[in-house]
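Following: one structure in structure tokens, then a few remarks.
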Amino acid sequence: MKDTKGRFIFIDGLRDLAAMAVAGFHFYNGGPLREPLSNIFPSPLSLMLKYGWLGVEVFFISGFVIAFLAFVLAIVTAYIIYLLVEKPSIELSKKFQIEAVS
């Protein structure tokens with residue numbers, strides 16, 4: 005699903021969650037609050053914060069996928085334009101050159 009700017013809302017949400025997971029990882033694992041927080045947070049949330057570094061991979065892969073799809077779309081569009089516009093004009097110009105020489 006796209007919004008009015010042509011952005012994928014699902015991918016943007018996934019990237020937001022990945023960024024929050026990385027921030028949570030640094031907050032949870034990087035400071036002196038780890039022991040108090042591990043006693044406060046339930047174990048599923050603690051587990052998510054422990055593996056929040058995986059958000060970097062999600063962030064990178066989602067960005068790579070968007071860039072790759074945009075690149076492929078540009079190549080396909082250029083090829084379709086070539087097939088529909090430029091190739092017929094090249095063939096037509098070759099035909100007229102042959103007829104002009106004869």
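Following our numbering, the numbering of the sequence shown begins with 5 at its first residue and continues without gaps.
The beta-carbon is built from N, C-alpha and C at its ideal position, and this holds for glycine as well.
- Of the candidates T81, R19, P40, Y32, the residue whose Cα lies closest to the Cα of I65 is R19.
- Its Cα nearest to that of H30, the residue S50 stands out among L88, S50, I70, A78.
- Put simply, the backbone Cα of P40 is about 18 Å away from that of G56.
- Take the alpha-carbon of M52 and the one of A23: they are about 13 Å apart.
- For F45, the three-state secondary structure derived from DSSP is coil.
- The C-alpha of L73 is placed about 22 Å away from the C-alpha of L88.
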